[in-house]
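In our numbering, the protein residues as written are 320 to 664. What follows is a set of notes on a single structure, which appears directly below.
See below:
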């Protein structure tokens, strides 16, 4: 978390049903839509919810039992989209992606003419650090007239992202990833196409998650229910900061930090998967004892990295490159990790 964000977090929260708060929300929203190149007429939904809440709300507002959905499933978060579809009785087929695999035109071509109406993808499968080729996915959706729903929770603001260029109909992200804010706020940016053809026509069996209500209320810069006021103020502050340095510069800074970390990690003998990775994090592979390495790093050296789950619980540790970090932070972590691994031999 950036120091300025910590300062903002420490201030008294204002009452939010005011013209001043509305103006702040509207200004931040316009800047956000420019940064991700949202389509003319795109609308934003600000939810007090986790990223999973935003994923579910998007599916509830865009699809129903009459639809047939493709889900790219290469890890824990792809599997979550599948779970959500099943909960809502929406027919979905999974495109299973193996650990060393990636999405190709040939793989997608097998699903052409399949009667699908939408494709769901976690563009950065955060559970293992893999980023999927948005160009190939976008081209497939365009050729087959599918709505493209992108969970960019751990990618937007860390990787190049362009809703117009890739014909993305819904972008989902959360406050706590590349923006490095407190958790509690998630955002969905909707294309005019999906609003007109789906959202406006959908009867949503939820009061809290009905996007039509959010779109209506945001005309005045408000949400229909109490927002995460403190997190939104952090969001406004961060969006203004990114505007001051340029979104391209923020992404490039993260890319260079990740590249330097990966080069040094390999110099020190650590194994990194060969697949295409997001700038946001680097997965480091272990033959075994990944959880033990995590625990020793935390307890003995004071470093927090992120373990994986499921079949990779003992094999992957994920190191983030987002937020208020520098190259030296990564180097010190790698040196400590090398010591831990050597001690465990």
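All residues carry an ideal CB built from backbone N, CA and C; glycine is no exception. For clarity, every value in this text was computed on a predicted model and none was experimentally measured.
Are the Cβ atoms of residue i and residue j separated by less than 8 Å?
| i | j | result |
| --- | --- | --- |
| residue 323 | residue 556 | yes |
| residue 272 | residue 403 | The question about residue 272 has no answer, for the chain in this structure spans 320 to 664. |
| residue 575 | residue 612 | no |
| residue 546 | residue 377 | no |
| residue 361 | residue 558 | no |
| residue 392 | residue 406 | no |
| residue 503 | residue 444 | no |
| residue 472 | residue 446 | no |
| residue 552 | residue 370 | no |
| residue 463 | residue 489 | no |
| residue 518 | residue 363 | no |
| residue 665 | residue 635 | Beyond the ends of the chain as shown, which are 320 and 664, falls residue 665; an answer cannot be given. |
| residue 467 | residue 487 | yes |
Could you spell out the range, first to last residue, of the alpha helix (DSSP H) harbouring residue i?
| i | result |
| --- | --- |
| residue 650 | 646-662 |
| residue 532 | 530-537 |
| residue 638 | Premise fails: residue 638 lies in the beta strand (DSSP E), 635-639, not in any alpha helix (DSSP H). |
| residue 459 | 453-463 |
| residue 324 | 322-328 |
| residue 491 | Counting along the chain, residue 491 falls outside any alpha helix (DSSP H), though it belongs to the beta strand (DSSP E) covering 489-493. |
| residue 514 | 511-516 |
Rounded to the nearest angstrom, how far is the Cβ of residue i from that of residue j, given a contact under 8 Å?
| i | j | result |
| --- | --- | --- |
| residue 584 | residue 591 | 6 Å |
| residue 481 | residue 442 | Actually they do not touch by this definition, with Cβ atoms about 12 Å apart. |
| residue 582 | residue 450 | Their Cβ separation, rounded to whole angstroms, is 18 Å, which puts residue 582 and residue 450 out of contact at 8 Å. |
| residue 506 | residue 365 | 6 Å |
| residue 513 | residue 381 | 6 Å |
| residue 501 | residue 328 | 7 Å |
| residue 608 | residue 633 | 6 Å |
| residue 389 | residue 438 | 5 Å |
Does DSSP put residue i in a helix, a strand or coil?
| i | result |
| --- | --- |
| residue 568 | helix |
| residue 624 | coil |
| residue 573 | helix |
| residue 607 | coil |
| residue 592 | coil |
| residue 439 | strand |
| residue 338 | helix |
| residue 353 | helix |
| residue 366 | strand |
| residue 420 | coil |
| residue 601 | strand |
| residue 430 | coil |
| residue 391 | strand |
| residue 479 | coil |
| residue 506 | strand |
| residue 378 | helix |
| residue 447 | coil |
| residue 613 | helix |
| residue 524 | coil |
| residue 473 | coil |
| residue 485 | coil |
| residue 372 | helix |
| residue 629 | helix |
| residue 386 | coil |
| residue 308 | The requested residue 308 is not part of the displayed model; the chain covers only 320 to 664. |
Whose C-beta lies closer than 6 Å to the C-beta of residue i among residues of the same chain, with five residues either side of it excluded?
| i | result |
| --- | --- |
| residue 335 | 548 |
| residue 344 | 540 |
| residue 485 | 453 and 457 |
| residue 620 | 655 |
| residue 483 | 356 and 358 |
| residue 429 | none |
| residue 459 | 427 |
| residue 424 | 455 |
| residue 474 | 442, 443 and 597 |
I'd like the list of long-range same chain contacts for residue i, defined as Cβ closer than 7 Å, with 5 residues on each side in sequence excluded.
| i | result |
| --- | --- |
| residue 622 | 616, 652 and 655 |
| residue 587 | 653 and 657 |
| residue 641 | 477, 496, 497, 499, 573 and 599 |
| residue 387 | 410, 434, 435 and 436 |
| residue 525 | 379 |
| residue 542 | 365, 533 and 536 |
| residue 408 | 384 |
| residue 629 | 395 |
Between which two residues does the beta strand (DSSP E) harbouring residue i extend?
| i | result |
| --- | --- |
| residue 415 | 410-415 |
| residue 545 | Where residue 545 is concerned, there is no enclosing beta strand (DSSP E), given that its DSSP letter is neither H nor E. |
| residue 467 | 466-470 |
Against chain D, with Cβ distances strictly below 8 Å, would residue i count as a contact?
| i | result |
| --- | --- |
| residue 655 | Among the chains in the structure shown there is no chain D, since it carries only a single protein chain. |
Identify, in the order they occur along the chain, each residue of the same chain with its Cβ nearer than 8 Å to the Cβ of residue i, setting aside the five sequence neighbours on each side.
| i | result |
| --- | --- |
| residue 601 | 448, 577, 580, 581, 584, 591, 637, 638 and 640 |
| residue 529 | 380 and 523 |
| residue 554 | 347, 494, 498, 500 and 504 |
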